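Visitor: Submitted below is the structure of interest, expressed as structure tokens.
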Amino acid sequence: MSIPRALFVCLLIGVLLGPGSIVGAQTKYGVTVRAVKAAELAKAKTYVWTVGRPSFNKDVDALIIAAVDRELSSRGFTKLTSGQGDVVVTYGTLTRTDVDLEAPKGGGGTAPELAVGTLVINLTDPANKQQLFSVRMDRPIDWNPATYQATVDAAVAAMFEKYPVPSKR
Numbered sequence: 000m001s002i003p004r005a006l007f008v009c010l011l012i013g014v015l016l017g018p019g020s021i022v023g024a025q026t027k028y029g030v031t032v033r034a035v036k037a038a039e040l041a042k043a044k045t046y047v048w049t050v051g052r053p054s055f056n057k058d059v060d061a062l063i064i065a066a067v068d069r070e071l072s073s074r075g076f077t078k079l080t081s082g083q084g085d086v087v088v089t090y091g092t093l094t095r096t097d098v099d100l101e102a103p104k105g106g107g108g109t110a111p112e113l114a115v116g117t118l119v120i121n122l123t124d125p126a127n128k129q130q131l132f133s134v135r136m137d138r139p140i141d142w143n144p145a146t147y148q149a150t151v152d153a154a155v156a157a158m159f160e161k162y163p164v165p166s167k168r
């Protein structure tokens, strides 16, 4: 009998971290704000991009950058192509497979699996490297290329709904 790779990884993590850690460590789906420095963000007017952990899919990478650019522009930011901005912007993505161990088993006796994507966007102070705004979204992935644009736009918009300072510029 072979154990599906995703289940094996979950079990291994559970053994390494201890009982109850898999359920306790799992991130819920949705948006989580990890850092906000509203006063510093209110002073920021320009930004530059730096490389983070980009999407392996170059089309999705371009969509994420464009969506973040739109959100920052709508909040009064100006993108600089060179030099030092008031904030440095980066993003990172990863995918994982969640296994629903409580759901009815499918054909072959395996638990249902769900592809989940994580997107993290960080705005950082270039002088002291302090995160001014850090937001994360975890959500199930639709691997249909026809929906990438709408999915990315909706995800980034939902993340920036948590941005603390509305545009006054």
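The sequence shown begins at 0 in numbering that gives the first Met the number 0 and counts up by one.
Beta carbons: idealized from backbone N, C-alpha and C, even for Gly.
Keep in mind the model is a prediction, meaning the values are calculated, not measured.
For Gly82, tell me which candidate among Trp48, Val155, Thr123, Pro103 has the shortest Cα-Cα distance.
Guide: Here residue 82 is taken as the residue at index 83 of the sequence shown, counted from 1. Closest by alpha carbon: Trp48.
Visitor: Compute the beta-carbon to beta-carbon distance between Val151 and Leu62, rounded to the nearest angstrom, for a pair I have assumed lies under 8 Å.
Guide: On the sequence shown, position 152 is the one that residue 151 refers to. On the sequence shown, position 63 is the one that residue 62 refers to. That pair is a contact at about 4 Å.
Visitor: Assuming Asp99 and Ala114 make a contact with CB atoms under 8 Å, what is their CB distance in whole Å?
Guide: Looking up residue 99 in the sequence shown gives position 100. Looking up residue 114 in the sequence shown gives position 115. With 8 Å as the limit, Asp99 and Ala114 do not qualify as a contact, their Cβ atoms being about 12 Å apart.
Visitor: Excluding five sequence neighbours on each side, which residues of the same chain lie with their C-beta closer than 6 Å to the C-beta of Asp60?
Guide: Within the sequence shown, numbered from 1, the residue matching residue 60 stands at position 61. Counting only Cβ-Cβ distances below 6 Å, and skipping sequence neighbours, we find Pro53, Ser54.
Visitor: Could you tell me the distance, in whole angstroms, from the CA atom of Gly93 to the CA atom of Gly116?
Guide: Residue mapping note: residue 93 aligns to position 94 of the sequence shown, counting from 1. Residue mapping note: residue 116 aligns to position 117 of the sequence shown, counting from 1. Looking at the sequence provided, one finds Leu at residue 93 rather than Gly. Distance between the alpha carbons of Leu93 and Gly116 is about 6 Å.
Visitor: Apply the 10 Å Cβ neighbour rule to Val32 and answer buried if 16 or more other Cβ atoms are within range, or exposed otherwise.
Guide: Position 33 of the sequence shown, counted from the start, is the residue given in the question as residue 32. When all chains shown are included, Val32 counts as exposed.
Visitor: At which residues does the alpha helix (DSSP H) containing Ile64 begin and terminate?
Guide: Working through the sequence shown from its first residue, we reach residue 64 at position 65. Unbroken alpha helix (DSSP H) run through Ile64: 57-73.
Visitor: Let's test the definition: count the other Cβ atoms within 10 Å of the Cβ of Asp85 and tell me whether it reaches 16, buried, or not, exposed.
Guide: As a position in the sequence shown, residue 85 is number 86, starting the count at 1. Buried, since its Cβ has 16 or more Cβ neighbours within 10 Å.
Visitor: With burial defined as no fewer than 16 other Cβ atoms inside 10 Å of the residue's Cβ, what is the status of Ala34: buried or exposed?
Guide: Against the sequence shown, residue 34 aligns to sequence position 35. Ala34 should be labelled exposed.
Visitor: Closest by CA to Phe76, which one among Ala41, Lys57, Asp97?
Guide: To locate residue 76, count along the sequence shown from 1; it is residue 77. Comparing Cα positions, the closest option is Ala41.
Visitor: Using a 10 Å radius around the Cβ and a threshold of 16 neighbouring Cβ atoms, would you call Ala154 buried or exposed?
Guide: For this step, residue 154 is matched to residue 155 along the sequence shown. Ala154 comes out buried.
Visitor: Please say whether Val30 and Glu160 have beta carbons closer to each other than 9 Å?
Guide: Taking the sequence shown and counting its residues from 1, one reaches residue 160 at position 161. Taking the sequence shown and counting its residues from 1, one reaches residue 30 at position 31. Result yes, Cβ atoms of Glu160 and Val30 sit closer than 9 Å.
Visitor: Name the one or two DSSP bridge partners that Ile140 has.
Guide: Indexing the sequence shown from 1 puts residue 140 at position 141. Answer is none; Ile140 lacks a bridge partner.
Visitor: Using CA coordinates, which residue listed in Thr146, Arg69, Gln148, Ile140 is at the minimum distance from Thr96?
Guide: Along the sequence shown, read from residue 1 onward, the residue named residue 96 stands at position 97. Looking at the Cα atoms, Ile140 is the closest of the given residues.
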